Amino acid sequence: MPHDTPLISTIVGGLVLAFILGAIANRLKLPPLVGYLLAGILVGPHTPGYVADQDLAPELAEIGVILLMFGVGLHFSLKDLLSVRGIAVPGAVVQIAFATLLGWGLGALMGWPTGGSLVFGLALSVASTVVLLKALQERRLVETERGKIAVGWLIVEDLAMVLALVLIPAAASIGGGEHAPVEPLSAGLNRLFGLDLGIGGIIGMTLVKVALFVALMLVFGRKLIPWTMHRIAHTGSRELFRLGVLAIALGVAFGAAKLFGVSLALGAFFAGMVLAESELSHRAAQESLPLRDAFAVLFFVSVGMLFDPNILIEKPLPLLATVFIIVIGKSVAAFLIVLLFRKPAGTALTISASLGQIGEFSFILAALGVDLGLLPQEGRDLILAGAIISIILNPLLFFACDSMRPLLERPKREEAPVDAAEAPIEPAEPEDEIQPTSLSGHAILVGYGRVGSIVGQNLKSSGTPFLVIEDSEKRIEELAAQGVETIIGNAAAREVLDLANLPGARSLVIAIPNAFEACSVAEYGRSVNPAILIVARAHSDAEVDELKQYGADTVIMGEREIAMGMVDRLAQVHHDSPAYEDGHGTDTIPGTAAAPSEIE
Numbered sequence: 001m002p003h004d005t006p007l008i009s010t011i012v013g014g015l016v017l018a019f020i021l022g023a024i025a026n027r028l029k030l031p032p033l034v035g036y037l038l039a040g041i042l043v044g045p046h047t048p049g050y051v052a053d054q055d056l057a058p059e060l061a062e063i064g065v066i067l068l069m070f071g072v073g074l075h076f077s078l079k080d081l082l083s084v085r086g087i088a089v090p091g092a093v094v095q096i097a098f099a100t101l102l103g104w105g106l107g108a109l110m111g112w113p114t115g116g117s118l119v120f121g122l123a124l125s126v127a128s129t130v131v132l133l134k135a136l137q138e139r140r141l142v143e144t145e146r147g148k149i150a151v152g153w154l155i156v157e158d159l160a161m162v163l164a165l166v167l168i169p170a171a172a173s174i175g176g177g178e179h180a181p182v183e184p185l186s187a188g189l190n191r192l193f194g195l196d197l198g199i200g201g202i203i204g205m206t207l208v209k210v211a212l213f214v215a216l217m218l219v220f221g222r223k224l225i226p227w228t229m230h231r232i233a234h235t236g237s238r239e240l241f242r243l244g245v246l247a248i249a250l251g252v253a254f255g256a257a258k259l260f261g262v263s264l265a266l267g268a269f270f271a272g273m274v275l276a277e278s279e280l281s282h283r284a285a286q287e288s289l290p291l292r293d294a295f296a297v298l299f300f301v302s303v304g305m306l307f308d309p310n311i312l313i314e315k316p317l318p319l320l321a322t323v324f325i326i327v328i329g330k331s332v333a334a335f336l337i338v339l340l341f342r343k344p345a346g347t348a349l350t351i352s353a354s355l356g357q358i359g360e361f362s363f364i365l366a367a368l369g370v371d372l373g374l375l376p377q378e379g380r381d382l383i384l385a386g387a388i389i390s391i392i393l394n395p396l397l398f399f400a401c402d403s404m405r406p407l408l409e410r411p412k413r414e415e416a417p418v419d420a421a422e423a424p425i426e427p428a429e430p431e432d433e434i435q436p437t438s439l440s441g442h443a444i445l446v447g448y449g450r451v452g453s454i455v456g457q458n459l460k461s462s463g464t465p466f467l468v469i470e471d472s473e474k475r476i477e478e479l480a481a482q483g484v485e486t487i488i489g490n491a492a493a494r495e496v497l498d499l500a501n502l503p504g505a506r507s508l509v510i511a512i513p514n515a516f517e518a519c520s521v522a523e524y525g526r527s528v529n530p531a532i533l534i535v536a537r538a539h540s541d542a543e544v545d546e547l548k549q550y551g552a553d554t555v556i557m558g559e560r561e562i563a564m565g566m567v568d569r570l571a572q573v574h575h576d577s578p579a580y581e582d583g584h585g586t587d588t589i590p591g592t593a594a595a596p597s598e599i600e
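Each residue of the sequence shown is one higher than the last, beginning at 1 in the UniProt record's numbering.
Written out as structure tokens, the structure reads:
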């Protein structure tokens with residue numbers, strides 16, 4: 001067996017170092033993304049020691065890009081965008097234009113060609129989805145007005161970058177550079193009929209092919225892809241379903257690139273967007289997440305491999321200018337734009353801090369620009385260095401904005417007229433941060449899925465005071481419509497549980513299927529309130545033992561309770577047992593009909 005295994009060594013070296021440095025970054029309260037990029041720098045050719053294979057890493061990164069864009073498509077929410085379109089669409093467009101103009105100016109000062117300067121400016125204009133969502137989740141702002149505007153703003157940025165990925169290769173083919181691709185359809189017409197389509201013709205041909213691909217996906221894809229996934233789901237095979245999700249993501253991306261000449265990233269994005277309309281989209285996202293995360297890590301590692309740390313010493317002033325554009329230029333522009341739309345200063349500060357960094361799309365654009373011969377390698381190094389520094393500085397930027405918020409909002413409160421009786425009464429601005437509950441002696445229900453919703457309905461009908469901890473947008477809307485108090489967030493985060501008044505609660509119901517998170521919730525609940533009743537669910541005897549070890553009093557294993565319900569129903573027929581009186585007739589035995597038995 002040959003011992004020269006560059007693929008294995010590249011994957012192992014990249015993942016192991018990414019894990020170590022990502023864990024260190026997380027410990028330092030930084031996004032793990034910083035650790036992944038540093039891991040790439042360590043295994044790259046510009047640092048001493050082990051060097052990963054320079055040919056394999058980009059191909060692994062391409063798979064990472066496909067899966068990243070597929071995930072973006074899966075989580076694309078037109079509803080979220082439309083709810084804040086009045087500010088997110090014009091705001092993002094103006095901010096992208098302003099940041100691109102600043103980047104173009106810096107590139108022009110450094111003597112780069114116009115195309116490279118524009119690619120550089122575009123790369124500096126778009127924020128990282130991973131970093132922005134993590135920052136909002138840590139501050140429990142995702143479902144607030146500020147959070148929704150920031151997410152909608154980011155969606156517009158992502159859509160603009162998807163369009164840029166289509167147009168940049170077409171624009172590069174016009175210049176006819178050494179690495180520029182040739183648009184095959186226009187080249188064929190020129191060769192056969194001597195037709196020179198010119199700039200407009202080439203871009204038009206590109207847009208026609210993209211339009212054909214989009215039309216095909218919207219007409220046939222949105223029927224065929226969900227139908228295929230439903231058929232696979234009905235087989236009951238989890239492996240086949242997971243494989244089907246990956247096959248669709250990779251297959252559509254590759255087919256779109258080969259048949260329509262569009263980028264792999266665009267094909268993957270539309271595959272995810274079409275699948276997002278299916279009822280199975282949430283399951284598809286869950287099943288593809290492990291592999292998506294693994295290849296996304298390899299993508300960031302491969303990006304780090306391209307970075308030359310010497311840029312920090314050789315080009316300190318251009319680097320400072322790059323960081324200034326990302327952290328200060330974009331943030332100030334976003335702040336002023338939000339204020340122009342008459343939003344509160346707190347909202348403007350949150351959005352400006354959220355956008356003061358760059359990430360995934362910036363790396364994709366930088367790599368594309370270098371491959372097409374538009375952007376010099378120096379530009380890519382500045383983008384990578386700017387990304388790392390801006391991501392590290394982002395928590396400090398949030399801290400600075402949080403400190404400035406009282407100073408900016410206080411004057412409005414102090415400028416009241418002397419004669420308060422004659423002053424017009426203005427409604428107070430709604431506080432959009434999540435507040436701790438005022439409930440006491442209540443039940444805390446973690447998760448409002450198929451199990452949690454039944455528990456919640458019974459608690460409500462019995463008059464038991466309770467609240468729900470949930471992070472699914474759809475379920476949060478259902479709970480709001482029912483008037484149920486809801487804490488938005490992941491219950492595995494202790495700061496979220498602290499909002500539920502654990503010391504004053506009488507019971508904690510953990511209805512989520514994830515045993516790892518459930519154990520974390522149970523352990524913290526028991527440590528805060530030793531007298532609280534903790535009820536959890538499990539899928540195996542091993543999970544039952546583990547949950548009990550971490551503090552659960554009662555653990556219900558779903559499969560066993562289903563079996564007991566079937567046995568009881570059979571006893572009615574075969575042994576003349578009395579029928580259930582559950583209000584649903586004798587043919588339906590809900591999970592709450594009988595008292596659940598504790599599993600020892």
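Beta carbons: idealized from backbone N, C-alpha and C, even for Gly.
On a predicted model such as this, the values are computed, not experimentally measured, just so you know.
Exposed or buried, what is Ser125 when buried is set at 16 or more other beta-carbons lying within 10 Å of its beta-carbon?
-> Taking the sequence shown and counting its residues from 1, one reaches residue 125 at position 125. Buried, by the Cβ-count rule.
Can you tell me which of the three DSSP states Ser540 falls into?
-> Here residue 540 is taken as the residue at index 540 of the sequence shown, counted from 1. It is coil, neither helix nor strand.
May I have the straight-line CA-CA distance separating Glu559 from Leu319, to the nearest angstrom?
-> Walking along the sequence shown from the start, residue 559 turns up at place 559. Walking along the sequence shown from the start, residue 319 turns up at place 319. A straight-line Cα-Cα distance of about 59 Å links Glu559 and Leu319.
Any idea what DSSP makes of Val162, helix, strand or coil?
-> Here residue 162 refers to the residue found at position 162 of the sequence shown. Looking at Val162 - three-state DSSP - the assignment turns out to be helix.
Starting from the C-beta of Ser390, find all residues in its chain whose C-beta is less than 7 Å away, skip the five residues before and the five after it, and write them out in chain order.
-> Within the sequence shown, residue 390 is the residue found at index 390, counting from 1. Answer for Ser390: Val323, Ile326, Val327, Gly356, Gln357, Ile358, listed in chain order.
Pro48: buried (16+ other C-beta within 10 angstroms of its C-beta) or exposed?
-> Start at 1 with the first residue of the sequence shown, and residue 48 comes out as number 48. The residue in question, Pro48, is exposed, as its Cβ has fewer than 16 Cβ neighbours within 10 Å.
Using a threshold of 7 Å, state whether the C-beta atoms of Gly71 and Arg292 are closer than that.
-> Your numbering for residue 71 matches position 71 in the sequence shown. Your numbering for residue 292 matches position 292 in the sequence shown. Yes. Within cutoff.
Can the beta-carbon of Leu132 be found less than 7 Å from the beta-carbon of Leu56?
-> The residue labelled residue 132 in the question sits at position 132 within the sequence shown. The residue labelled residue 56 in the question sits at position 56 within the sequence shown. Not in contact: Leu132 and Leu56 (Cβ atoms no closer than 7 Å).
Could you name the residues of the same chain whose beta carbon sits closer than 7 Å to that of Met404, not counting the 5 residues immediately before and after it, in chain order?
-> Locating residue 404 in the sequence shown gives position 404, where the first residue counts as 1. Around Met404: Leu349.
Which residues share a DSSP beta bridge with Leu533?
-> As a first step, residue 533 must be located in the sequence shown, where it is residue number 533. Answer is Ser507, bridged to Leu533.
Rounded to whole angstroms, how far is the Cβ of Ala39 from the Cβ of Leu17, which I believe are closer than 8 Å?
-> Here residue 39 is taken as the residue at index 39 of the sequence shown, counted from 1. Here residue 17 is taken as the residue at index 17 of the sequence shown, counted from 1. Correct: roughly 4 Å between the Cβ atoms.
Enclosing alpha helix (DSSP H) for Phe270 [first to last residue] | Reading the sequence shown from its first residue, position 270 is the one you call residue 270. Element bounds for Phe270: 264-275.
Paired residues, beta bridge with Ala443 - DSSP | In the sequence shown, counting from the first residue as 1, residue 443 sits at position 443. Phe466, Ser507.
Rounded to whole angstroms, what's the CA-CA distance from Leu240 to Ala123? Just pull it up for me.
-> Indexing the sequence shown from 1 puts residue 240 at position 240. Indexing the sequence shown from 1 puts residue 123 at position 123. Distance between the alpha carbons of Leu240 and Ala123: 38 Å.
Validate contact between the region 547-561 and the region 478-497 using beta carbons, cut 8 Å, 3 pairs | no
Provide the residue span of the alpha helix (DSSP H) that contains Val16, from first to last.
-> For the purposes of this step, residue 16 is taken as the residue at position 16 of the sequence shown. 6-27 is the extent of the alpha helix (DSSP H) around Val16.
So, using beta-carbon positions, are Val119 and Leu375 closer together than 7 Å?
-> The count along the sequence shown starts at 1 and reaches residue 119 at position 119. The count along the sequence shown starts at 1 and reaches residue 375 at position 375. Taking 7 Å as the Cβ cut-off, Val119 and Leu375 qualify as a contacting pair.
Check whether the region 507-518 touches the region 439-451, counting contact only when three or more Cβ pairs, one atom from each stretch, lie closer than 8 Å.
-> yes
Would you list the one or two residues that DSSP bridges to Thr486?
-> Here residue 486 refers to the residue found at position 486 of the sequence shown. Paired residues: Val468.
Exposure of Asn394, with buried meaning 16 or more beta-carbon neighbours within 10 Å | Taking the first residue of the sequence shown as 1, we reach residue 394 at position 394. Per the 10 Å Cβ criterion, buried.
Please determine if the region 267-279 and the region 218-237 are in contact, where contact requires at least 3 C-beta pairs separated by less than 8 Å.
-> yes
Given a threshold of 16 other Cβ atoms within 10 Å of its Cβ, counted over all protein chains shown, does Phe213 qualify as buried or as exposed?
-> For this step, residue 213 is matched to residue 213 along the sequence shown. Burial call: buried.
Contact check, Ala92 vs Glu145 under 8 Å by CB: the rounded distance?
-> Along the sequence shown, one-based indexing puts residue 92 at 92. Along the sequence shown, one-based indexing puts residue 145 at 145. Wrong, their Cβ atoms sit about 16 Å apart, outside the cutoff.
Output the distance between the C-alpha atoms of Leu165 and Ala294, rounded to the nearest integer angstrom.
-> On the sequence shown, residue 165 is found 165 positions in, with the first residue counted as 1. On the sequence shown, residue 294 is found 294 positions in, with the first residue counted as 1. Rounded to the nearest angstrom, the two C-alpha atoms are 24 Å apart.
Spell out a yes or no on whether the region 21-29 and the region 255-264 are touching, meaning 3 or more CB-CB pairs, one atom from each, closer than 8 Å.
-> no
Given a threshold of 16 other Cβ atoms within 10 Å of its Cβ, counted over all protein chains shown, does Phe399 qualify as buried or as exposed?
-> Position 399 of the sequence shown, counted from the start, is the residue given in the question as residue 399. So Phe399 counts as exposed.
Host alpha helix (DSSP H) of Ile512 (start-end) = Mapped onto the sequence shown, residue 512 falls at position 512. In the DSSP assignment, Ile512 falls outside any alpha helix (DSSP H) and carries neither an H nor an E.
For Ala353, I'd like the list of residues in its chain whose CB is within less than 6 Å of its CB, leaving aside the five on either flank, ordered along the chain.
-> Taking the sequence shown and counting its residues from 1, one reaches residue 353 at position 353. Excluding residues within five positions, the ones whose Cβ falls inside 6 Å are Leu397, Phe398, Cys401.
Report yes if the C-beta distance between Pro436 and Leu533 is below 7 Å; otherwise report no.
-> As a working note, residue 436 is residue 436 in the sequence shown. As a working note, residue 533 is residue 533 in the sequence shown. Result no, Cβ atoms of Pro436 and Leu533 do not sit closer than 7 Å.
Burial state of Lys258 (16 or more Cβ within 10 Å) = Translated into positions along the sequence shown, residue 258 becomes position 258. Lys258 comes out exposed.
Looking only at its own chain, which residues have a Cβ that is under 8 Å from the Cβ of Val332, when we skip the five neighbours before and after it?
-> Taking the sequence shown and counting its residues from 1, one reaches residue 332 at position 332. Closer than 8 Å at the Cβ level, and outside the excluded window around Val332, lie Ser352.
Three-state secondary structure (DSSP) at Thr228?
-> The residue you call residue 228 lines up with position 228 of the sequence shown. Three-state result, Thr228: helix.
Ranges of the alpha helix (DSSP H) found wholly within the region 306-352, counting only runs of at least 4 | As far as the region 306-352 is concerned, its whole alpha helix (DSSP H) runs of at least 4 residues are 311-314, 316-323, 330-340.
Can you list, in chain order, the residues of its chain whose CB lies under 6 Å from that of Pro430, leaving out five sequence neighbours each side?
-> Within the sequence shown, numbered from 1, the residue matching residue 430 stands at position 430. Residue placement at Pro430 cannot be trusted, given a pLDDT of 44 that sits under 50; what the coordinates show is reported in the next sentence. If we look at Pro430 and ignore the five residues flanking it on each side, it has no Cβ neighbours.
Can the beta-carbon of Asn458 be found closer than 7 Å to that of Leu502?
-> Along the sequence shown, one-based indexing puts residue 458 at 458. Along the sequence shown, one-based indexing puts residue 502 at 502. Contact flag unset, no.
List the DSSP bridge partners of Thr554.
-> Start at 1 with the first residue of the sequence shown, and residue 554 comes out as number 554. Paired residues: Val535.
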